[in-house]
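Numbering (the working numbering), first residue to last: 256 to 541.
In structure tokens form, the structure reads like this:
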């Protein structure tokens, strides 16, 4: 949650504390890209960004929709800092698509919102382990403390290391091309994708996105099915369902298209030219 000059924006409660709204002032030199699911820590509760948006350079305070990911705390100061974290897809879906605070809280402590097939193999991180992490290391149900706990983090770290090793191997031979996004499958189900305007922008987000995918993976059952390239291509086809749009004149257009269980969310920058900055596709769990 930084501009390219690495300047931290000011994020604060403004006009009195509110669970689902913060105010952001971009004091950097360039517009700021925010992704749904990015964590801001501090204040009275840790929270996540609710929607993709672009924040122009300005001294003006802008309202920001957020969701709490720390159910058991309402204390301390008003200042927030940007954490190097994006919450995992089950939490991100509840914030970006369903937009219900109760569902966000449930998915934080539940690990995954995806339903398990009958007699599915146990996940690497069980509900018991998550409950133990809350009881011993995250009594306020802080997202960061749960998934950095001794009960959960080793499984996530191992998954991240293995995927990163394979990713580097598969992309080492690219010539004249850059990776701009990824498609994520859990078992045989393609479930998620993040695609960016450029390889540079993807690289800025890749490490924390990878960790978020890994958290989701260790919380889901261990399934042996494998999705195919054709499954991934089909998942990325343009949807033709109901469309909803929001715009900040001269800054960005946000749109969401829903078709069946799929939601496609796109963020287009309007300056200095019209450009698709981020495209997210979700296979909804509810």
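We put the CB at the ideal spot given by N, CA and C, even for glycine.
Could you tell me the distance, in whole angstroms, from the CA atom of residue 538 to the CA atom of residue 328? Cα-Cα distance, rounded: 31 Å.
Among the candidates 318, 312, 295, 310, whose CA atom is the shortest distance from the CA of residue 325? Put simply, of 318, 312, 295, 310 the residue whose alpha carbon is nearest the alpha carbon of residue 325 is 295.
Closer than 6 Å by C-beta to residue 349: which residues in its own chain qualify, once you throw out the five before and the five after it? Chain order, please. Cβ neighbours of residue 349 beyond the five flanking positions: 358, 359, 362.
Candidates 440, 490, 429: closest to residue 479 by CA position: Minimum Cα distance to residue 479 is reached at 440.
When you compare each of 455, 313, 393, 476 to residue 284 by their alpha carbons, which one comes out closest? Taking the Cα of residue 284 as reference, the smallest distance to any Cα among 455, 313, 393, 476 is reached at 313.
Own chain, CB closer than 6 Å to residue 261, minus 5 neighbours either side, in chain order: Its pLDDT being 40, under 50, residue 261 is placed unreliably in this model, and the coordinates cannot settle the point.
How would you write the range of the alpha helix (DSSP H) that residue 409 sits in, first residue to last? Note, residue 409: alpha helix (DSSP H), 408-426.
Alpha carbon to alpha carbon, how far is residue 475 from residue 484? Approximately 22 Å, taken between the alpha carbons.
To the nearest angstrom, how far is the alpha carbon of residue 470 from that of residue 516? Rounded to whole angstroms, residue 470 to residue 516 spans 22 Å at the Cα level.
Along the chain, which unbroken stretches of the beta strand (DSSP E) at least 3 residues long are found entirely within the region 277-355? With a minimum length of 3 residues, the continuous beta strand (DSSP E) runs that stay inside the region 277-355 are 287-289, 293-297, 302-304, 308-310, 317-323, 335-341.
Let me know the alpha helix (DSSP H) ranges lying completely inside the region 504-530, each 4 residues or longer, listed in chain order. Segments of the alpha helix (DSSP H) lying fully in the region 504-530: there are none.
In angstroms, rounded to a whole number, what distance separates the CA positions of residue 405 and residue 448? Straight-line spacing of the CA atoms in residue 405 and residue 448 works out to 29 Å.
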